[in-house]
């Protein structure tokens with residue numbers, strides 16, 4: 001099969017919600033190849049503990065690429081303990097300038113409970129303005145839903161779960177098998 005006709009891997013929705021002193025990162029479990037669901041229970045949200053400090057990360061994109069980036073992020077966090085933003089910027093710089101890392105196809109949402117950041121291969125480290133970040137195939141659906149729910153009585157986890165449920169109803173590459181990690185400042 002020619003490379004340009006090969007169906008791409010799809011399927012991930014990751015959301016990060018910061019509300020009332022806590023951050024929740026949630027991700028679905030679906031991985032699809034073209035129009036076929038390959039796996040429905042993938043775990044795309046992880047807790048990292050570099051230097052004994054917890055950081056939660058969710059990833060969209062290639063799993064192998066994401067794990068490479070998570071390992072690099074852990075090393076950056078060990079070199080700059082307690083400084084998530086600095087570690088994220090250092091990772092983004094490496095990702096943008098290193099010829100090997102430039103080929104990696106993934107995005108990350110990370111949080112230490114205080115900061116909520118999106119890290120991209122374009123060299124971006126973004127902090128969301130409205131305390132919600134989302135990436136992946138259904139990311140924009142989850143983002144819109146979460147922003148609409150933020151003013152209500154729901155806590156961060158309830159907002160993330162409801163937004164993921166809405167994304168699942170709209171995006172065929174998103175399922176309801178959620179991994180949810182909560183972290184406080």
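Residue numbers (this note's numbering): 1 to 185. Ideal Cβ positions, reconstructed from N, Cα and C, are used throughout, including at glycine.
task = Ignore the nearest five residues each way along the sequence and tell me which others in residue 87's own chain have a CB closer than 6 Å to its CB.
result = The count along the chain shown starts at 1 and reaches residue 87 at position 87. The answer, listed in chain order, is 76, 77, 80.
request  = Report the three-state DSSP secondary structure of residue 120 (helix, strand or coil).
outcome  = Residue numbering aside, residue 120 sits at position 120 when the chain shown is read from its first letter. The answer is coil: DSSP assigns residue 120 none of H, G, I, E or B.
key: Run of the beta strand (DSSP E) containing residue 72, from where it starts to where it stops   = One-based indexing of the chain shown puts residue 72 at position 72. No beta strand (DSSP E) contains residue 72, which is instead part of the alpha helix (DSSP H) from 63 to 79.
Rounded Cβ spacing between residue 161 and residue 180 (contact assumed at less than 8 Å) = Position 161 of the chain shown, counting from 1, holds the residue named residue 161. Position 180 of the chain shown, counting from 1, holds the residue named residue 180. Yes, residue 161 and residue 180 are in contact; Cβ-Cβ is about 7 Å, under 8 Å.
inquiry  = Could you give the first and the last residue of the continuous beta strand (DSSP E) run that contains residue 134?
reply    = By one-based count along the chain shown, residue 134 stands at place 134. Counting along the chain, the beta strand (DSSP E) containing residue 134 begins and ends at 132 to 136.
key: Burial state of residue 173, where buried means 16 or more other Cβ atoms lie within 10 Å   = Taking the first residue of the chain shown as 1, we reach residue 173 at position 173. By the neighbour-count rule (16 or more Cβ atoms within 10 Å), residue 173 is buried.
ask   = Roughly how many whole angstroms lie between the Cα atoms of residue 145 and residue 170?
value = Stepping through the chain shown from its first residue, residue 145 is reached at position 145. Stepping through the chain shown from its first residue, residue 170 is reached at position 170. Each residue's Cα considered, the two are about 11 Å apart.
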